[in-house]
Amino acid sequence: MRFDTKIAVVVRADLAVWQRLNVTSYLASGVAHARDETIGDPYEDGSGNRYLAMFRQPVLVFEADAAGLARAHARALGRGLATAVYTDELFATDHDAANRAAVRAVEAEKLSLAGLGLYGPRNAVDRVTKGLSLHG
């Protein structure tokens with residue numbers, strides 16, 4: 001099935017593996033709240049056990065250096081895409097309010113980005129991630 005929208009996560013390539021996984025999970029949780037249509041229906045197994053609903057479409061995970069991440073961030077903001085952001089400062093915070101305060105303290109073009117979560121029209125997300133490699 002081809003979706004009109006796309007979900008993408010862009011993670012900085014020089015992060016430790018645990019950091020890349022942590023950033024990806026946080027950003028995906030942000031994208032999940034972008035629009036109601038991002039999430040499908042709950043799951044149920046043959047024994048009647050219920051499971052949480054998940055994204056209704058694939059999530060593409062890209063990697064970039066700091067410059068590529070900054071470029072993608074500027075493109076996403078310029079296109080008005082639903083964007084989740086994770087900065088280096090968030091590795092040192094220990095709760096949600098501190099996370100928001102850390103991001104709020106820095107102007108957009110000066111953010112030290114560890115990753116971005118993106119949701120929007122397929123072609124707009126493709127333009128933002130153009131030139132980036134899928135995480136490998």
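No gaps in the numbering here: position 71 of the sequence shown is 71 in the numbering used here, and each next residue is one more.
Just so it is clear, CB atoms sit at the ideal spot from N, CA and C, and this is done for glycine as well.
Given the structure is predicted, the values throughout are model-derived calculations rather than measurements.
Check residue i in the structure and name its three-state DSSP category.
i: E37; result: helix
i: F91; result: helix
i: L77; result: helix
i: A108; result: helix
i: G131; result: coil
i: G68; result: helix
i: A82; result: strand
May I ask whether a heavy atom of the ligand GTP can be found less than 8 Å away from the beta carbon of residue i?
i: D4; result: Although the ligand GTP was asked about, the structure shown includes no ligands whatsoever.
Starting from residue i, follow its DSSP beta bridges and name the residues at the other end.
i: L60; result: A8
i: A114; result: The partner list for A114 (beta bridge, DSSP) is empty, contrary to what the question assumes.
i: G120; result: K6
If you follow the alpha helix (DSSP H) that residue i is in, where does it begin and where does it stop?
i: Y27; result: In the sequence as displayed, the identity of residue 27 is Leu instead of Tyr. Run containing L27: 17–32, per the alpha helix (DSSP H) assignment.
Just to confirm my understanding: we take residue i, look at its own chain, exclude 5 residues before and 5 after, and list those with CB closer than 6 Å. What are they?
i: R71; result: none
Between which two residues does the beta strand (DSSP E) containing residue i stretch?
i: A53; result: Run containing A53: none; DSSP gives neither H nor E here.
Who are the near neighbours of residue i in its chain, counting only those whose CB is closer than 8 Å to its CB and skipping five residues on each side?
i: T212; result: This structure leaves residue 212 out entirely; the chain is present only between 1 and 136.
i: V132; result: With the sequence shown as reference, residue 132 is identified as Leu, and Val is not the correct amino acid for it. The answer, listed in chain order, is V10, F62, E63, A64, G68, A72.
i: T87; result: A102, V103, V106, L111, S112, L113, A114
i: A32; result: T38, I39, F55
i: P121; result: D4, T5, K6
i: V59; result: I7, A8, V9, A28, V31
i: L134; result: L60, V61, F62, E63
Within the chosen definition, does the region 12–30 reach the region 111–120 through at least 3 CB pairs nearer than 8 Å?
-> In short, these stretches touch, since the Cβ pair count reaches three.
Say whether the region 117–129 touches the region 72–92, bearing in mind that this needs 3 or more beta-carbon pairs closer than 8 Å, one atom from each stretch.
-> Contact holds: three or more Cβ-Cβ distances are below 8 Å.
Does the pairing of the region 91–109 with the region 29–44 give three or more beta-carbon distances under 8 Å?
-> Fewer than three beta-carbon pairs drawn from the region 91–109 and the region 29–44 are found closer than 8 Å, and the two stretches are therefore not classed as touching.
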